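See structure below.
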Amino acid sequence: MTNLMAGFALVFQPLTFLLMVFGVGVGVIIGALPGLTASMGIILLLPLVYRLPANVALVMLCGLFCGGMYGGSISAILLKTPGTPSASATLLDGYPLCEQGKAGKALGISTISSFIGGLISTVCLILIAPQLAKVALKFQAADYFSLSIFGLTIMASSSGKKVVKGLIAGCIGLLASCVGIDTIVGVNRLTFNNMYLAGGFTLLPVLIGVFAISEVLAQVQNSKDKSPVSVQAVTNMLPTWLDIKAILPSALVGGVLGVFIGIIPGTGGAIACFLAYNIAQKFAKDRHLFGKGALSGVAAPESANNATTGGALIPMLCLGVPGDVVTSVMLGALILIGVRPGPLLFVENVDIVYSIFAGMIIIQFLMLGFGLLSSRYAPLILKVPYTLLMPIIMVLCVVGSFSLNNALYDVTVALGFGVLGFFLKRWGYPGAPLVLGIILGPMAEENLNRALLVSNNSWSVLVQRPISLTFLILAAISIGISVYSARKKEA
Amino acid sequence: MVLSIGVWVLTANLPTPKRGIGPGQYPRVIASTLFILGLVQFLSNIIKGYPKQTAAVQWKQIGRAGLLALMAFVYVRLLKPIGFPLLTPFFLYATIVLFGYKKRRTAAIVSIGATAVIFLLFNVVFMVFLPVGRIF
């Protein structure tokens with residue numbers, strides 16, 4: 001409790017609070033714009049992030065994560081185009097409500113449900129994360145190696161029917177992490193005697209390349225000047241007490257479901273929103289209106305996708321394994337600012353952990369206020385043409401990667417990984433396992449080496465320790481399930 | 492598969508310690524896994540009848556992306572001699588046109604405005620001194 005109070009003291013400091021508001025605001029705008037994602041938003045903020053104290057930066061990123069998740073619903077309701085995949089189910093009833101002239105009410109319900117889901121997930125985060133971290137403190141080298149493998153396979157498995165391609169991308173990432181001076185013996189490895197490559201690939205340019213530049217390159221392929229979108233004016237946003245009472249059960253169920261979906265690495269908001277929608281469709285009082293403009297049809301998916309935020313932070317903070325693409329980018333951002341997520345974070349950086357907890361609570365209230373006050377201006381945001389936005393993002397990517405070391409070499413690396421990411425995406429290879437491979441590669445190598453040193457080069461140490469064996473079995477199961485469901489879909 | 496063979500060759504001469512995993516052994520373990528996965532993907536493509544069933548490659552689309560990547564590489568190369576404030580408006584304008592935006596005047600205003608805002612933001616707020624070129 002004392003730690004949590006200290007966390008609140010930090011988040012109420014003027015700079016932290018201001019940056020938290022900024023994070024939520026940027027997140028909502030980015031989430032609302034189709035084509036821009038929360039991960040891209042985090043990447044664009046990275047030059048600012050590593051100039052801030054770790055806890056302040058993290059709270060801002062959490063604000064962006066939650067804001068981005070909520071923002072996706074704005075374009076889903078007003079344009080029938082989800083701003084993020086997590087808002088895909090929201091449009092099923094949000095847009096019909098908009099067509100009936102109830103866009104304000106739909107946005108109001110979406111905001112309140114996102115608040116409920118976010119609050120449930122924050123409470124679960126505060127209760128579950130420290131307990132999981134206590135268990136994780138018992139991990140040894142072999143367990144950490146198997147955990148890295150589990151993290152990679154789970155991220156590859158989340159690539160749907162492209163599980164082999166996901167694993168290939170992960171292996172390419174692991175190989176990329178080998179480039180540079182080897183940390184164990186100190187020899188040059190895969191550097192082609194290039195002095196720049198001796199330092200290996202820095203994470204920031206890689207993140208910018210794979211997640212932002214590749215996206216801009218992908219967007220330019222089919223771009224054309226479109227006439228400005230016409231969006232209905234938003235009025236009367238505050239739902240009545242009766243409306244809130246009607247959607248509350250769906251929002252609560254969606255919230256609890258979202259947390260547990262979020263905890264499972266490799267899942268995320270897109271799965272949670274459809275599951276919550278399906279459950280609400282069966283049990284909600286207004287189920288006969290589903291598909292035609294049911295308020296519960298907006299509440300359930302919005303609560304669920306926002307609840308995945310706290311859920312996804314649990315494995316990332318406790319184990320260093322991200323729950324989805326956004327948390328994998330956040331993991332990269334954490335490493336950049338010198339914080340290594342994992343159980344030791346709860347021992348060595350208690351202040352950081354509890355400022356995240358306190359920040360997540362305040363963020364939900366900020367999101368509620370921001371949503372209710374600013375959504376009437378949402379039609380203006382949605383009118384910004386992406387043909388102007390994408391080139392500016394490209395320049396921000398160049399400047400962002402330059403800002404790391406004031407070196408154009410980093411920009412070249414970002415562009416190189418951008419081109420690689422573009423072709424991988426075009427050929428159906430996901431980018432997230434590639435980046436995760438680069439992040440987890442050094443941890444995997446170091447711990448494998450340590451495990452083999454202790455066991456006198458016996459690889460059986462990986463299956464002799466129960467925790468390590470459990471992770472390896474879970475990794476095998478995750479691949480097995482993905483392959484099975486892919487075959488089932490094909491058949 | 493080609494990448495994994497390349498890694499095997501490039502790490503062949505790296506030292507192998509008596510205990511623990513050596514600097515060459517670790518990438519070779521990954522390369523072997525990559526080789527097997529590549530083989531699985533290759534065989535799966537053959538069974539599914541690829542590349543016959545895939546859609547024809549849309550060269551025009553790839554060309555646009557390739558042109559943007561090339562423009563970005565040239566832009567980065569010229570940043571040091573010409574400088575961010577002078578070069579960026581031209582790069583932005585060209586990119587906006589490539590994206591298909593039709594209002595040329597607005598494009599020019601946005602290019603100059605965005606360059607000024609980014610330059611000031613990074614130089615003054617973030618204290619990241621962007622290249623100003625040899626002219627200044």
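Taken in order, these protein sequences are the chains called F and D.
Residues 1 to 491 in the working numbering are what the first sequence spells out, letter by letter.
Residues 492 to 627 in the working numbering are what the second sequence spells out, letter by letter.
We put the beta carbon where it would ideally sit given N, CA and C, even for glycine.
Here the structure is a predicted model, which means the values were calculated and not measured.
Legend entry - Straight-line gap, K80/F to I74/F (C-alpha atoms, nearest Å): The sequence position of residue 80/F within the first sequence is 80, counting from 1. The sequence position of residue 74/F within the first sequence is 74, counting from 1. C-alpha separation (whole angstroms): 9 Å.
Legend entry - Residues that R510/D contacts on chain F, provided the C-beta gap is smaller than 8 Å: As a working mapping, residue 510/D is identified with position 19 in the second sequence. Here the neighbours are L452, L453, N456, N457.
Legend entry - is_contact[A563/D, chain F] using C-beta, thresh 8 Å: Counted from its first residue, the second sequence places residue 563/D at position 72. Chain F, which has a Cβ nearer than 8 Å to the Cβ of A563/D, makes this yes.
Inset, instruction - Please confirm if A605/D has its CB atom under 8 Å from at least one CB of chain F. - result: The sequence position of residue 605/D within the second sequence is 114, counting from 1. Judged by the 8 Å Cβ criterion, A605/D is in contact with chain F.
Legend entry - As assigned by DSSP and simplified to three states, the class of N193/F: Residue mapping note: residue 193/F aligns to position 193 of the first sequence, counting from 1. Looking at N193/F - three-state DSSP - the assignment turns out to be coil, as it is neither helix nor strand.
Legend entry - 8 Å Cβ shell around V623/D - same chain, five flanking residues per side excluded: Translated into positions along the second sequence, residue 623/D becomes position 132. Only G574, F575, P576 meet the Cβ criterion.
Legend entry - Residues bridged to N406/F [DSSP beta-bridge criterion]: Start at 1 with the first residue of the first sequence, and residue 406/F comes out as number 406. In DSSP, N406/F forms no bridge with anything.
Inset, instruction - Run down chain D in chain order and give the residues with a C-beta less than 7 Å from the C-beta of I168/F. - result: In the first sequence, residue 168/F corresponds to position 168, counting from 1. Chain D residues near I168/F: L525, L528, G529, Q532.
Inset, instruction - Can you pull the chain F residues whose beta carbon is under 8 Å from the beta carbon of A556/D, in chain order? - result: Residue 556/D sits at position 65 when you count from the first residue of the second sequence. Simply L217, A218, V220, Q221, F422.
Inset, instruction - Can you pull the chain F residues whose beta carbon is under 9 Å from the beta carbon of F620/D, in chain order? - result: Position 129 of the second sequence, counting from 1, holds the residue named residue 620/D. In chain order: N406.
Legend entry - Span separating the alpha-carbon of Y277/F from that of G117/F: As a working mapping, residue 277/F is identified with position 277 in the first sequence. As a working mapping, residue 117/F is identified with position 117 in the first sequence. Cα to Cα, the separation comes out at about 14 Å.
Inset, instruction - Could you list which residues in chain D have their beta carbon closer than 7 Å to that of P391/F, in chain order? - result: On the first sequence, position 391 is the one that residue 391/F refers to. L583, T586, I587, F590, listed in chain order.
Inset, instruction - For the stretch 240-256 of chain F and the stretch 112-131 of chain F, state whether three or more C-beta atom pairs, one from each stretch, are separated by less than 8 Å. - result: yes
Inset, instruction - Have a look at G7/F, F22/F, V28/F, A6/F and flag the residue whose alpha-carbon is nearest the alpha-carbon of G371/F. - result: Locating residue 371/F in the first sequence gives position 371, where the first residue counts as 1. The residue with the shortest Cα to Cα distance from G371/F is V28/F.
Inset, instruction - Consider the Cβ of I314/F: report whether some Cβ of chain D lies at a distance smaller than 8 Å. - result: What you label residue 314/F is simply residue 314 of the first sequence in a count that begins at 1. Judged by the 8 Å Cβ criterion, I314/F is not in contact with chain D.
Legend entry - T37/F burial status per 10 Å Cβ neighbour count (16 or more: buried): Working through the first sequence from its first residue, we reach residue 37/F at position 37. T37/F comes out buried.
Inset, instruction - Would you check if the stretch 314-333 of chain F and the stretch 380-397 of chain F touch, i.e. whether three or more CB-CB distances between them fall below 8 Å? - result: no
Legend entry - Whole runs of the alpha helix (DSSP H) within the stretch 304-377 of chain F, excluding any shorter than 4 residues: 325-336, 345-348, 350-374
Inset, instruction - Check the Cβ-Cβ distances between V493/D and every residue of chain F, and say whether any is below 8 Å. - result: Numbered from 1 along the second sequence, position 2 holds the residue referred to as residue 493/D. V493/D does not count as touching chain F.
Inset, instruction - For N536/D, count neighbouring Cβ atoms within 10 angstroms of its own Cβ and tell me buried if that reaches 16, exposed if not. - result: Indexing the second sequence from 1 puts residue 536/D at position 45. Per the 10 Å Cβ criterion, exposed.
Legend entry - Contacts around Q516/D, its chain only, beta-carbon distance under 7 Å, and the 5 residues preceding and following it disregarded: The count along the second sequence starts at 1 and reaches residue 516/D at position 25. T507.
Legend entry - Spatial distance of G369/F from Y95/F (CA atoms): Within the first sequence, the letter at position 369 stands for residue 369/F. Within the first sequence, the letter at position 95 stands for residue 95/F. Going from the Cα of G369/F to the Cα of Y95/F covers about 23 Å.
Inset, instruction - Would you verify that the beta carbon of V615/D is, or is not, closer than 8 Å to some beta carbon of chain F? - result: On the second sequence, position 124 is the one that residue 615/D refers to. Answer no: the Cβ-Cβ gap between V615/D and chain F never drops below 8 Å.
Legend entry - Inter-residue Cα distance where the pair is G554/D and Y196/F: As a working mapping, residue 554/D is identified with position 63 in the second sequence. As a working mapping, residue 196/F is identified with position 196 in the first sequence. Approximately 30 Å between the Cα atoms of the pair.
Legend entry - Alpha-carbon to alpha-carbon, T90/F and L97/F: Reading the first sequence from its first residue, position 97 is the one you call residue 97/F. Reading the first sequence from its first residue, position 90 is the one you call residue 90/F. Distance between the alpha carbons of L97/F and T90/F is about 11 Å.
Legend entry - Inter-stretch contact at 8 Å, needing at least 3 Cβ pairs: the stretch 300-318 of chain F / the stretch 273-289 of chain F: yes
Legend entry - Cβ of I537/D within 8 Å of any chain F Cβ: For the purposes of this step, residue 537/D is taken as the residue at position 46 of the second sequence. Taking Cβ atoms only, chain F never reaches closer than 8 Å to I537/D, which makes this a no.
Inset, instruction - Select from the stretch 28-56 of chain F all residues with a C-beta closer than 8 Å to any C-beta belonging to chain D, and list them in chain order. - result: P47, L48, R51
Inset, instruction - Determine, using beta carbons only, whether K134/F comes closer than 8 Å to chain D. - result: Translated into positions along the first sequence, residue 134/F becomes position 134. With 8 Å as the cut-off, K134/F does not count as an interface residue toward chain D.
Legend entry - Straight-line Cα distance separating C66/F from Q364/F: For the purposes of this step, residue 364/F is taken as the residue at position 364 of the first sequence. For the purposes of this step, residue 66/F is taken as the residue at position 66 of the first sequence. Cα to Cα, Q364/F sits roughly 8 Å from C66/F.
Legend entry - Beta-carbon proximity check, F150/F vs L474/F, cutoff 8 Å: The residue you call residue 150/F lines up with position 150 of the first sequence. The residue you call residue 474/F lines up with position 474 of the first sequence. Yes.
Inset, instruction - Assign Y377/F to one of two classes, buried (16 or more other C-beta atoms within 10 Å of its C-beta) or exposed (fewer than that). - result: Residue mapping note: residue 377/F aligns to position 377 of the first sequence, counting from 1. By the 10 Å Cβ count, Y377/F comes out exposed.
Inset, instruction - Flag L184/F as yes if its beta-carbon sits less than 8 Å from any beta-carbon of chain D, otherwise no. - result: Numbered from its first residue, the first sequence carries residue 184/F at position 184. Strictly speaking, residue 184/F in this sequence is Ile, with Leu absent from that position. For I184/F, the answer is yes, since a Cβ of chain D falls inside 8 Å of its Cβ.
Legend entry - Simplified DSSP assignment, three categories, for I512/D: Locating residue 512/D in the second sequence gives position 21, counting from the first residue. Of the three classes helix, strand and coil, the one that applies to I512/D here is coil, per DSSP.
Inset, instruction - Measure the beta-carbon distance from I333/F to N305/F and round it to whole angstroms, keeping in mind my assumption that it falls under 8 Å. - result: Here residue 333/F refers to the residue found at position 333 of the first sequence. Here residue 305/F refers to the residue found at position 305 of the first sequence. The sequence shown places Ala at residue 333/F, rather than the Ile named in the question. A333/F to N305/F, Cβ: 21 Å. No contact.
Inset, instruction - Check the Cβ-Cβ distances between P572/D and every residue of chain F, and say whether any is below 8 Å. - result: Residue mapping note: residue 572/D aligns to position 81 of the second sequence, counting from 1. No, its Cβ sits nowhere closer than 8 Å to a Cβ of chain F.
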